[in-house]
Amino acid sequence: MKYKRILLKLSGEALMGEKSYGIDPNILQQYTQEIKKVKDMGVEIAIVIGGGNIFRGVQAEKSGIDRVQGDYMGMLATLINAMALQSALEQGGMYTRLMSGIKIESVCEPFIRRRAIRHLEKGRIVIFGAGIGNPYFTTDSTASLRAIEVEAEVVLKGTRVDGVYTADPEKDPSATKYDTITFHEVYEKNLNVMDMTAFTLCQENNLPIIVFDMNKDGNLVELVKGQKIGTLITS
Ligand code: UDP
């Protein structure tokens, strides 16, 4: 296998599946199965999950909620998803720890870097909930930062699209997919991979990103084995 320690970024929005809000149990099940396959290969897995299926800070402003307050609400939304994922993974027979960027002691551990690494070494899947714990950030930034902190070898960004395209494939049918692309090219062509904070963190720390379709069976396993799936972004 190519990677020993990965950081998997799952979007909250993808967790909705066919629903218009909340968590689709089928998607949760599917993610559990895919993650189990990789776990059984002996890979150390850290996970960051988004909260877009429940709440986004930017949308709060429109409803008269203060932006910062909205961001904290968004962070709590990611924690709800993280708890659902934790439960599903444990039902699937895996050991997990949930670490939060905001202290919520009766529910999960606070994020402590050394402790997170220790959990990974012991074979526990570590889920990072509540983002970084600061407003004006995203779960993509959380994924990049935590990946660097726990020394993951790659950020695997699971989405509904199967990689990075020359243009938005849902709007432009002539768009083509990149198999590999450099950080510089992504920046120059203004392609949408992650928000700039998240992207720059990866670039400056030489941490590769792979954007791939998480909803396709077997993709995660093949990626970890080193197969070319999705789009690889490197220096
Ligand atoms: N958020 C935040 N700080 C963080 C992580 C998340 O303020 O470190 C908030 C932000 O408001 C964001 C929301 O949580 O809109 C949900 O996360 P995100 O939009 O990244 O979720 P995704 O799009 O991946 O579902």
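Going by my numbering, the first residue of the sequence shown is number 226, and it counts up by one from there.
C-beta: ideal position from N, C-alpha, C; glycine also.
Next on the checklist: Is P360 a contact residue of the ligand UDP, with contact defined as CB to any heavy atom under 6 Å?
Outcome noted: P360 Cβ: within cutoff of the ligand UDP.
Checklist entry - Any heavy atom of the ligand UDP closer than 6 Å to the Cβ of E374? => result no
Next on the checklist: Contact between the segment 426-437 and the segment 375-393 is defined here as three or more beta-carbon pairs at a separation below 8 Å; is this criterion met?
Outcome noted: Yes, they touch.
Checklist entry - To the nearest angstrom, how far is it from the Cα of N415 to the Cα of Q284? => result 24 Å
Checklist entry - Which class does P335 belong to by DSSP, given the choice of helix, strand or coil? => result DSSP, read as helix, strand or coil, puts P335 in strand.
Checklist entry - What's the C-alpha gap between L235 and P250? => result 15 Å
Next on the checklist: Within 10 Å of its beta-carbon, does A368 have 16 or more other beta-carbons around it, so buried, or fewer, so exposed?
Outcome noted: With 16 or more neighbouring CB atoms inside 10 Å of its own CB, A368 falls in the buried class.
Checklist entry - Can you check whether the CB of F336 is closer than 7 Å to the CB of G326? => result yes
Checklist entry - Does DSSP classify G451 as helix, strand or coil? => result coil
Item to check | Residues that T384 bridges to, as DSSP identifies them | outcome: D438
Checklist entry - Starting from I458 and walking both ways along the beta strand (DSSP E), at which residues does that stretch end? => result T456 to T459
Item to check | N- and C-terminal bounds of the beta strand (DSSP E) containing L233 | outcome: R230 to L235
Checklist entry - Going by beta carbon distance, what residues of the same chain come within less than 6 Å of Y390, once the five residues before and after it are set aside? => result A400 and K402
Item to check | contact_flag[the segment 287-296, the segment 264-279] where n(CB pairs < 8 Å) is 3 or more | outcome: Flag = no, the segment 287-296 and the segment 264-279 do not touch.
Checklist entry - Can you tell me whether DSSP reads G323 as helix, strand or coil? => result Here the sequence assigns Leu to residue 323, which means Gly is not the residue at that position. It is a strand residue.
Checklist entry - Residues in its own chain within less than 7 Å of I461 by CB, not counting five upstream and five downstream? => result Outside the modelled stretch of the chain, which goes from 226 to 460, sits residue 461, for which no answer is possible.
Checklist entry - Per DSSP, F353 is paired with what? => result Its beta-bridge partners are V273 and M324.
Checklist entry - Nearest CA to the CA of L345: which residue from I270, L445 and K396? => result Measuring from the Cα of L345, the nearest candidate turns out to be I270.
Next on the checklist: If you reduce the DSSP assignment to three classes, tell me which class K264 lands in.
Outcome noted: Look at K264 here: in three-state DSSP terms it is helix.
Item to check | D299: CB within 6 Å of a non-hydrogen atom of the ligand UDP | outcome: Reading off the sequence, residue 299 comes out as Gly, not Asp. Yes, since a heavy atom of the ligand UDP falls inside the 6 Å radius drawn around the Cβ of G299.
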